[in-house]
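> So for the sequence shown, my numbering puts the first residue at 266; every next one is plus one. Got a structure here, written out as structure tokens. Questions coming.
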Amino acid sequence: MPVREFLETMASRTRDALRREAERLLQAAGATHEPVSLRDVVSALNLSLVEAEREPFSCEAALAPLGDGFAVSVRSNGGERRRRFSIAHEIGHFVLHPGQARYERGGVVNEAMRAREREANAFAAELLMPEHLVRQAVLEDGADARRLADRFEVSVAAMSLRLRRLGLAERQSELLPPSRQVL
Ligand SMILES: [Zn+2]
266 MPVREFLETM ASRTRDALRR EAERLLQAAG ATHEPVSLRD VVSALNLSLV EAEREPFSCE
326 AALAPLGDGF AVSVRSNGGE RRRRFSIAHE IGHFVLHPGQ ARYERGGVVN EAMRAREREA
386 NAFAAELLMP EHLVRQAVLE DGADARRLAD RFEVSVAAMS LRLRRLGLAE RQSELLPPSR
446 QVL
């Protein structure tokens, strides 16, 4: 394994650790079914959710200081499912990277930042598509990424990737090609 990849692995939490963190949070928020209520998750963390018009080229959501705490500020004019993923991503930063609040402005410039972005994305997937709920839904509904995306209120791309990661993708050929930095 190239040194760089090895270091990346070391810097990142394991999937299991991320899943446990997300499950703990879902439990605290009383979010036991899909679609996961991000309002409940946000209030369990004492965060605020603020809608703001963001500049067209800035990112969908960001963590911003508000009073004594933080708010997830989210663009009011984005697609709903994308917004949900962006909010969940910011919640990931808040939970996983305290004291490193970034405002998603400066772009990703080094390996440590890239690792944090990957972690926040993986956390968002665990939060919006908890493994046990996805498995249950697949039992009931089949592994149809489109239908499951509706059920969990996530993008089809996010659900396709999730099904693949969980080894639940039925018809690989119909799913989207592997994406790099998801969604
Ligand atoms: Zn981020």
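Each residue gets a CB set at the ideal place from its N, CA and C atoms; glycine is no exception. Keep in mind it's a predicted model, so treat the numbers as computed, not measured.
With a cut-off of 8 Å on the beta carbons, I'd call D305 and A294 a contact; round off their distance for me.
Confirmed, about 4 Å.
> Using DSSP's beta-bridge definition, name the partner residues of P330.
F335
> Taking A317 and E355 to be in contact with their CB atoms under 8 Å, please state how far apart those CB atoms are, rounded to whole angstroms.
A317 to E355, Cβ: 13 Å. No contact.
> Determine the closest residue to L433 out of A422, S420 and V403, with distance taken between C-alpha atoms.
V403
> For L333, which option in R346, H298, N386 and N311 has the closest C-alpha, if you only look at C-alpha atoms?
The sequence given here places Asp at residue 333; Leu does not occur at that position. A check of alpha carbon separations from D333 across R346, H298, N386 and N311 identifies N311 as the nearest.
> Less than 8 Å between the CB of E487 and some heavy atom of ligand 1, yes or no?
The question about residue 487 has no answer, for the chain in this structure spans 266 to 448.
> Rounded to the nearest angstrom, how far is the Cβ of V315 from that of S338, given a contact under 8 Å?
With a Cβ gap of about 5 Å, V315 and S338 count as contacting.
> Roughly how many whole angstroms lie between the Cα atoms of A414 and S313?
Going from the Cα of A414 to the Cα of S313 covers about 26 Å.
> Under 8 Å from any heavy atom of ligand 1, does the C-beta of E376 make it?
no
> Who are the Cβ neighbours of S302 in its own chain at under 7 Å, not counting the five residues just before and after it?
A296
> For V374, does the three-state DSSP call read helix, strand or coil?
DSSP places V374 in coil when its eight states are reduced to three.
> Starting from V307, trace the alpha helix (DSSP H) in both directions and tell me its first and last residue.
L303 to A309
> Can you tell me where the alpha helix (DSSP H) holding S351 begins and where it ends?
E345 to L361
> With a threshold of 8 Å (Cβ to nearest heavy atom), would R379 be considered close to ligand 1?
no
> Could you give the residue range of the alpha helix (DSSP H) that holds V403?
E396 to D406
> I'd like the list of long-range same chain contacts for P300, defined as Cβ closer than 6 Å, with 5 residues on each side in sequence excluded.
F417 and E418
> Within a Cβ cutoff of 7 Å, which residues of the same chain sit near A408, ignoring the five residues on either side of it in sequence?
L428, L433, A434 and E435
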